[in-house]
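**Q** Numbering (mature numbering (1 follows the signal peptide of the UniProt record, and there is no 0)), first residue to last: -20 to -1, 1 to 231. Ideal Cβ positions, reconstructed from N, Cα and C, are used throughout, including at glycine. What follows is a structure written as structure tokens; I'll ask about it next.
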């Protein structure tokens, strides 16, 4: 004759099974590394490197983006500032000769605010020391090659590794505005609007707004060229929320 299990014994059996299942699940998860533990947070801007170990060249471009200018963005035909940070960890001083893009007619070195109200200023105007050299002003070739008079780093740089400015006219496309900004060994070139000289796109060939990505080519005297995709930046703070208005007559 079969004996019936008591309700108390059945309850103990079920509790014991549940406890055992809990320990099994805990043991399976022990020692595992979650995806969020190793995930690198997204940072706005594009990063790129130019590395040539045989020439001891290491140029790092960091957090490159088109400066945010509101939801309306930048209209075709207008101007737009770039944010570019360049670091030289190699053993040779280098020089940013020029920057080009299909998204604008020119990319030039500019000073002033980030609104685009001030016209770009060539690097020869930003470096008055060039005018003190009589040989620069007396050379008739300066008018044909703007980069000759715009590169004070050739005379001021303690390193002779920087390619002479004559090479700049061959490496940079015709019509490219000279930048000619030096990046010393273990030094940096920070081109940030509102903080000093920066790069400005002039004569935009397209509208640039949220989600837009443009192709930009950087030409260096020693490191050579690199082409990168640069996105539109993000706002530093969320837009203000509009207060909802209700019709009191409906209540």
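Taking residue 163 as the reference, which of 200, 91, 177, 24 has the closest Cα?
**A** 200
**Q** Which value, in whole angstroms, describes the spacing of the CA atoms of residue 39 and residue 68?
**A** 5 Å
**Q** Looking only at its chain, what residues have a beta carbon closer than 7 Å to the beta carbon of residue 112, apart from the 5 residues adjacent to it on each side?
**A** Confidence at residue 112 is low in this model, with a pLDDT of 42, below 50, so its placement is unreliable and no value can be given for it.
**Q** Give me, in chain order, the residues of the same chain whose beta-carbon lies closer than 7 Å to that of residue 214; leave out the 5 immediate sequence neighbours on both sides.
**A** So the qualifying residues of the chain are 24, 48.
**Q** Counting along the chain, where does the alpha helix (DSSP H) carrying residue 151 start and finish?
**A** 145 to 151
**Q** Are residue 208 and residue 37 closer than 8 Å when you measure CB to CB?
**A** The Cβ-Cβ distance between residue 208 and residue 37 does not fall below 8 Å.
**Q** Could you check which residue in 195, 29, 87 has the C-alpha nearest to that of residue 60?
**A** 87
**Q** Could you check which residue in 35, 188, 194 has the C-alpha nearest to that of residue 56?
**A** 188
**Q** For residue 69, which of helix, strand or coil comes out of DSSP?
**A** If DSSP states are grouped into helix, strand and coil, residue 69 belongs with coil.
**Q** To which residues does DSSP link residue 204 through a beta bridge?
**A** 200
**Q** Compare the C-alpha of residue 58 against each of 51, 194, 78, 84 and name the closest.
**A** When only C-alpha atoms are compared, the closest one is 84.
**Q** Taking the alpha carbon of residue 177 as the point to measure from, which residue in 167, 190, 205, 89 has its own alpha carbon closest?
**A** Comparing C-alpha distances from residue 177 to each of 167, 190, 205, 89 shows the shortest one belongs to 89.
**Q** For residue 51, tell me which candidate among 76, 190, 30, 184 has the shortest Cα-Cα distance.
**A** Comparing Cα positions, the closest option is 190.
**Q** For a test of the three-state rule: what should DSSP assign to residue 34, helix, strand or coil?
**A** Residue 34: helix per DSSP, three-state reduction.
**Q** In angstroms with no decimal places, state the Cα-to-Cα distance between residue 195 and residue 153.
**A** 15 Å
**Q** Cutting at 6 Å between CB atoms, please list the residues of its own chain near residue 168, excluding the five before and the five after it.
**A** 67
**Q** Can you tell me whether DSSP reads residue 80 as helix, strand or coil?
**A** strand
**Q** How would you label residue 175, buried or exposed, when you count the other beta carbons within 10 angstroms and need 16 or more for buried?
**A** exposed
**Q** Give the DSSP bridge partners of residue 171, in chain order.
**A** 64
**Q** To the nearest angstrom, report how far apart residue 42 and residue 30 are at their CA atoms.
**A** 12 Å
**Q** Do you know how far the Cα of residue 91 is from the Cα of residue 181?
**A** 13 Å
**Q** Alpha carbons only, please: which of 151, 82, 172 is nearest the one belonging to residue 183?
**A** 82
**Q** Using only the alpha-carbon positions, how far apart do residue 173 and residue 73 sit?
**A** 24 Å
**Q** Near residue 120, what residues of its chain come up, given a Cβ to Cβ distance below 8 Å and the 5 sequence neighbours on each side ignored?
**A** Confidence is the limiting factor: at residue 120 the pLDDT is only 44, short of 50, which leaves the residue's position unreliable and the question unanswerable from this model.
**Q** I'd like the span of the beta strand (DSSP E) that includes residue 183, first residue to last.
**A** Per DSSP, residue 183 belongs to the beta strand (DSSP E) from 178 to 184.
**Q** Look up residue 47 in the DSSP assignment and give the residues it is bridged to.
**A** Answer by DSSP bridge pairing: none, since residue 47 is not bridged.
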